[in-house]
Every structure is written in structure tokens, then in C-alpha cells.
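J.: Here the sequence shown is numbered in our numbering, starting from 1470 and rising by one per residue. What follows is a single structure, and I will ask about it in a moment.
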Amino acid sequence: MPDRDRFAGSARLAETLLAAAVAVAAVWFVLAFVTIAAARLSYPLPLEWMEGGLVLETRRVLAGEALYVRPTPEFAPFIYPPLFFYVAAAVSSITGLGYLPLRLVAIGSTLGCFALLFWLVRRETGSSLGIDSPIETDSPLPALAAVGLFAALYPVAGAWYDLARVDMLYLLFALCVVAAVRVGRGARAGIAAGVVFALAFLTKQSTLLALSPLVLYALFYKRRFGVAFAASAAGLVGASTLFFQATTDGWFLYYLFELPTMHPTKGRRLLTFWTQDLLRPLGLATAVAVGYVVSALGGERTETGVFYGLLLCGFVGASYQARLHTGGAENTLIPAYAALSIGFGLGIAAALRAARRYGDRSPGVSPAIGRSILLIAVLLQFATLVYVPGAHVPSPAATERAERSIDATASVDGPVFSPVSPYVAYMAGHEPTAHKMALVDVLRAEPHPERAALRARIDRALVAEPRYRTVLTHGGVYAFGRMAKAYRYDRTFPRGARPPRPITGARPHPRNVLVPKNPAAVANRTTATNRTADGNRTVSKNSSANGNAASFVGAVASSDRPAIGAVT
């Protein structure tokens, strides 16, 4: 008997230590994200190559200019709804235009997502799980593990949680809808959920696929709530679509739905989404989440199983559909990872309860042994996702190069066509141009006639009637088809001022300088205002159409500006 007691005591001690290790690992992943986000917040170049394009769309909101217009070399919108840009503009009105306010929106949204993940799992598992275990008495460990898993997936999802992109604000709204549907009762709560559904849609249109399964759940299990939810969501989405369609001369639906449906897909991702994107990083977590849903169906918790099963179907399905597109980067996986993290936390709690029940039926077996095995499995899942935070933070040398590249860009002759990084050119004092990704979205959409129309506009601006004194590109003169007829390679950025590559996502960066073959064909511009985003600096630029390599290098060598860090 004393031996059995000593064994039980050792098992409980091991369980306690393992539970503490799980909690520490989860907190470490959250703190790692916060540390990286804080370190990258003021980086003066794009962390991901589309960030600057979103800043320029925010600038249009601040200037009262339309977002959805005919695409031209000067401006083409991204295929996103407008709400993120309005939220970013509101923050920019306080902080000033730049990467900073957009990244603040993303970081705040991510922290909100962490809180909602914790709350959702905690609500389902907060009742006492047992009385003989230090981790089962109203333990927050499953909820903490869910948050830790989602935070640990930060690099797997492209280190996207703090970028100046729409994804995290969209996920925050989507998780608010999930919470509202789970706990809401009555028509008023249903209307409120419908309002948030519409906000999610106006942030990213994949809301329709991700959250529609929850509408079915609400209609079946919560009739009054469900009717109000479905009616308000459909009414607000429909009304906002009609409004923007009418006020944009029909361009709203073109960018949000027509273009994405005409983009090609990557057939190999039909399988690799499941094998590489989900199972390779999340094999155990996926099994736990799916196992939880299956075990809940058909018993006392059928409604709970249906709810989280539909949540998995909607979020994973939305990620799958977006990932299949040729432009579907790792950010498309974020909703799936959020849903699986919730299922992971719920599955851990269910397994802890199962271990307790098994111990009750088998007096000779300590429940702590089963719980310890489960906690070891959780730690193994975390161990597969360990990463080095410093690998995702620009080095001081890269930050210094970034600032020198802005000075180098300021020294070239304008007008400047810089589709790879148009906001950097704007920071350097040049008029902004369209982002290459926005142009490519139109140019790869077949068979829409706007594709040929935009190509004709680009050819006119870069070939037939070249209007730019300088083209900054990551490629050669063939980057836009027939541009080689009008432009020639002149030089690269000085080595010490070559813009660093973006840290995540696609990694093009402007490194080559092209000039017109026939300078006389370009309208003469002798001076231009060199503006930074805060409008405090002006410089007179040389107007030679051939470019002045000496001044280009000299502007970099003589720059004595302090590091602009937060000046974005």
C-alpha cells in the first residue's frame, strides 16, 4: 500500500511538471510573437512585398479618393473589400501615414484573436474536470494550449500575424461571429451577430464561405437567433454590396468576385494542402480536433459537436479554396489554423476527462499516468513548431540598408515607375504608381476584356508614349512585356543601398534602374518635390533623363539622416 501511494504521488508530480511545461511553452510562443511584432513594427520597408500597396490604398481613403476604379499603371486596387483601409485610415489620422498604423491594426487584431481563442475554449472546458489533479480543477490549461498552438503557427503561416495586411482583422471579426453564434440567444443577439458578419465580409470576402456553415447551425438549433442572424447578415452584406457597386460604377464586384474567379489554380495543392499545410505541421493537433468533433456527435454533446464540426468545415474549407489559387500564400492558412487550434484545446480537455473516467473504472490504474501521456503528446506537438524568433526580425544592418535605399530612390529622376515597391518611391518623394500584384491580378484574369485594356495602357505608358524617366524593378526590361523597346538597363542600386528583400511571402525588391532609350520622348521635368510620408523633407532632383550615376551613389554616401525607424 505505501508503494502504491508513493507511485501515485510520483505520477501526480510528473503530471504537475508536465502541465507546467505545457503552460510555459504556450506562454513562450505568445511572448515570442509579441517580441517579434514589437521589433518589426517600425521597420521602414515592406516586411512582405504587398504591404506598401495597402498603405497607398489607405492614403487614398485619407485623401477622399475612390478605391475601386479602372486599373491603370498609376493605380490598381487589390482584390479586397474596403473596411481594413478605413480602419487603417482612422489609425493613420492619429499616427500619420505609413506601415506603422496598418501593422498596429494587425497586431491588435492578433491579440484580440488570442483572447477569443482562449475564451471560446475556456467557456467549453471551464467547469471542473476532476478533484484529484492539480490541472483538472477548473484548469485553464486546454485554453492556454489552444492559444499557444495558434501563436506557435506564426512562422508556419508566413509570419503574417503582424503584417500590414487584412487577414488578422478579418479573423478577429470572424471569431467574434463564432463567439456570438455559440452563446447568443434571441433576436437582438442574432442581429448583432449579423452586423459583425457583415463587418467580416467587408474586410475579406472569404467570410461567405468560412461562416456560412454557422448560419445553418443557428437556423437549426437557435431558431429566433438564427433567423435574425441570417436575415441581418444577408441584408447588410447585400445592401453594402449594392451601395459600393453603385458608387464605384460597377468596379466593386469586378475586383471582389470577378477577378478571383478568373485566376488559375495550382492543381498540386489539391493534395499538398492536406499533406504539407495541415498534417505536416499539425498532424497531432488535427487528429485531436477531428477526434473531439467525432466523439461529441451522437451523444449528449451532439450540438457542441455539430457546432465545432461546422466551424472546422467552414474555416478549413475557406483556407483550402483560397490556397488553391496561384496567389494563395501562407496567409490563406490562418483561418484553418485558428479553427484547428480551438479543436486542439477542446480535444485536450476531453482527453483529460476521459483519463479521469478510465481511472475511476480501473482503481488499480492512476489517472495521472494517462494525463501525463497526453501532456507529453502536447509537448511533442509544440516541439515540432519551435522556431528562432530572431530569424524573423530584420537585422540592424538590413534596417540601415533600408534607409539608405530610400535615399537612393530619392536621388533618381522622376516620374518614377516602381511597381514592386511603390510606397517606398512615394516615401522618397515620387508620385505613387500601381503595385505590380494588383496589375498582375488583372493581367492574369482571362477572358475578361479589361485584361487587354490594361495591357494596352501599360504599353502606352512604357512603350508607345513612355512617360517615366526611371523604372525601378526587381527584374530586367522584360518585366512588363514590350518595355524593352523603350527602356534600357542603366545600373543597379549601390551595393550598400540595395533594398533588402522582404522577410516573408514573395520576395521581389527593386534593385535595377532602367532609363528611356530615347530621353526626348519623355516629357521634361526639371524639379520635383521629394516627400516623405510625413511631408517634412524636400529635395531638388536632377532632371537628366539619362540618369546621373554619380549623384545616385553620392546621395547614398552623403546621407546623414538618422535611422528613420518609426518614420514611415
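All C-beta atoms, glycine included, are put in the ideal place defined by N, C-alpha and C.
#1: By how many angstroms is the C-alpha of Leu1748 removed from the C-alpha of Gly1617?
#2: Going by beta-carbon coordinates alone, are Met1731 and Ala1914 separated by less than 7 angstroms?
#3: Per DSSP, which one or two residues make a beta bridge with Val1940?
#4: Whose CA, out of Thr1672, His1943 and Glu1520, lies closest to the CA of Leu1569?
#5: Residue ranges of each beta strand (DSSP E) run of no fewer than 3 residues wholly in the region 1633-1709, ordered along the chain?
#6: Is Arg1539 helix, strand or coil when you go by DSSP?
#7: Are the beta-carbon atoms belonging to Leu1523 and Arg1529 less than 7 angstroms from one another?
#8: For Lys1691, is the classification buried or exposed, using 16 other Cβ atoms within 10 angstroms of its Cβ as the cut-off for buried?
#9: Quick one: Cα of Ala1756 to Cα of Ala1615, how far?
#10: Determine, using beta carbons only, whether Ala1613 and Ala1667 come nearer to each other than 7 angstroms.
#11: Can you list, in chain order, the residues of its chain whose CB lies under 6 angstroms from that of Glu1484, leaving out five sequence neighbours each side?
#12: Does the beta-carbon of Pro1542 have 16 or more other beta-carbons within 10 angstroms, so that it is buried, or is it exposed?
#13: When the Cα atoms are used, what is the spatial distance from Ser1578 to Lys1673?
#14: Would you call the CB atoms of Ala1633 and Leu1571 closer than 7 angstroms?
#15: Using the rule of at least 16 other Cβ atoms within 10 Å of the residue's Cβ for burial, across every protein chain shown, is Thr1771 buried or exposed?
#16: Any idea what DSSP makes of Arg2060, helix, strand or coil?
#17: Return the first residue and the last residue of the alpha helix (DSSP H) that Thr1853 is part of.
#18: Between which two residues does the alpha helix (DSSP H) harbouring Tyr1555 extend?
#19: So, helix, strand or coil for Asp2003, using DSSP?
#20: Please classify Asp1876 as buried or exposed, where buried requires at least 16 neighbouring CB atoms within 10 angstroms.
#21: Return yes when the Cβ of Leu1640 is within less than 7 angstroms of the Cβ of Phe1619, no when it is not.
#22: Under three-state DSSP, which class holds Asp1876?
#23: Quick one: using the 10 Å Cβ neighbour count with 16 as the cut-off for buried, is Gly2016 buried or exposed?
#24: Hey, is the region 1863-1873 in contact with the region 1917-1932, meaning 3+ C-beta pairs nearer than 8 angstroms?
#25: Under the rule that 16 or more other beta-carbon atoms within 10 Å means buried, what is Arg1976, buried or exposed?
#26: Work out the CA separation of Ala1545 and Ala1907 for me, nearest whole Å.
#27: Report the start-end ranges of each alpha helix (DSSP H) in the region 1491-1545 that is 4 residues or longer and not cut off at the edges.
#28: Could you give the first and the last residue of the continuous beta strand (DSSP E) run that contains Thr1961?
#29: Please classify Gln1850 as buried or exposed, where buried requires at least 16 neighbouring CB atoms within 10 angstroms.
#30: Who are the Cβ neighbours of Ser1504 in its own chain at under 8 angstroms, not counting the five residues just before and after it?
#31: Would DSSP call His1794 helix, strand or coil?
#32: With DSSP run on the structure shown, which of helix, strand or coil describes Glu1915?
#33: Using only the alpha-carbon positions, how far apart do Val1982 and Ala1658 sit?
#34: Assign Pro1733 to buried or exposed, taking buried as 16 or more other Cβ atoms, counted over all protein chains shown, within 10 Å of its Cβ.
#35: To which residues of the same chain is Phe1813 closer than 6 angstroms at the C-beta, ignoring the five residues directly before and after it?
#36: Please report the straight-line C-alpha distance between Tyr1806 and Leu1622, rounded to a whole angstrom.
T.: Looking at the atomic coordinates:
#1: Taking the straight line joining both Cα atoms gives about 18 angstroms.
#2: Against a cut-off of 7 angstroms, the Cβ pair of Ala1914 and Met1731 comes out as a contact.
#3: As a beta-bridge residue in DSSP terms, Val1940 pairs with Phe1886 and Leu1983.
#4: It is Glu1520.
#5: The beta strand (DSSP E) runs of length 3 or more contained entirely in the region 1633-1709 do not exist; there are none.
#6: When secondary structure is reduced to three states using DSSP, Arg1539 falls in the coil class, being assigned neither helix nor strand.
#7: At a Cβ-Cβ threshold of 7 angstroms, Leu1523 and Arg1529 do not count as neighbours.
#8: If you draw a 10 Å sphere on the C-beta of Lys1691, you find 16 or more other C-beta atoms in it, and that means buried.
#9: Rounded to whole angstroms, Ala1756 to Ala1615 spans 14 angstroms at the Cα level.
#10: According to the sequence shown, residue 1613 is Leu rather than Ala. No; because the gap between Cβ atoms is not below 7 angstroms, this pair is not in contact.
#11: The answer, listed in chain order, is Ala1837, Arg1840 and Ser1841.
#12: Flag for Pro1542 reads buried.
#13: Taken atom to atom, the span from the alpha-carbon of Ser1578 to that of Lys1673 is near 14 angstroms.
#14: Against a cut-off of 7 angstroms, the Cβ pair of Leu1571 and Ala1633 comes out as a contact.
#15: With fewer than 16 neighbouring CB atoms inside 10 Å of its own CB, Thr1771 falls in the exposed class.
#16: Nothing about residue 2060 can be read from this structure; the chain reaches only from 1470 to 2037.
#17: Run containing Thr1853: none; DSSP gives neither H nor E here.
#18: From DSSP, the alpha helix (DSSP H) with Tyr1555 extends over Leu1552 to Thr1564.
#19: Note that Asp2003 has pLDDT 40, beneath the 50 cutoff, so the model's placement of it is unreliable and the number below is only indicative. For Asp2003, the secondary structure class from DSSP, reduced to helix, strand or coil, is coil.
#20: Around the C-beta of Asp1876, 16 or more other C-beta atoms lie within 10 Å, and the residue is accordingly described as buried.
#21: Contact: no.
#22: If DSSP states are grouped into helix, strand and coil, Asp1876 belongs with the helices.
#23: Only weak support exists for where Gly2016 lies, its pLDDT of 40 falling under 50; the coordinates are left without a value.
#24: Because the criterion of three Cβ pairs below 8 angstroms is not met, the region 1863-1873 and the region 1917-1932 do not touch.
#25: Counting every other CB atom within 10 Å of its CB across the protein chains shown gives Arg1976 a total below 16, marking it as exposed.
#26: Straight-line spacing of the CA atoms in Ala1907 and Ala1545 works out to 6 angstroms.
#27: Taking 4 residues as the minimum length, the alpha helix (DSSP H) runs contained wholly in the region 1491-1545 are 1520-1531, in order along the chain.
#28: Tyr1956 to Thr1961 is the extent of the beta strand (DSSP E) around Thr1961.
#29: Buried, by the Cβ-count rule.
#30: Note that residue 1504 corresponds to Thr in the displayed sequence, not to Ser. Once the five neighbours on either side are set aside, the close Cβ partners of Thr1504 are Pro1858.
#31: Note: His1794 maps to strand in three-state DSSP.
#32: Reduced to three states, the DSSP call for Glu1915 is coil.
#33: Val1982 and Ala1658 have their C-alpha atoms roughly 57 angstroms apart.
#34: Counting every other CB atom within 10 Å of its CB across the protein chains shown gives Pro1733 a total below 16, marking it as exposed.
#35: If we look at Phe1813 and ignore the five residues flanking it on each side, its Cβ neighbours are Ala1615, Leu1618, Ala1754, Val1757 and Ala1758.
#36: Looking at the two C-alpha atoms, the distance is approximately 7 angstroms.
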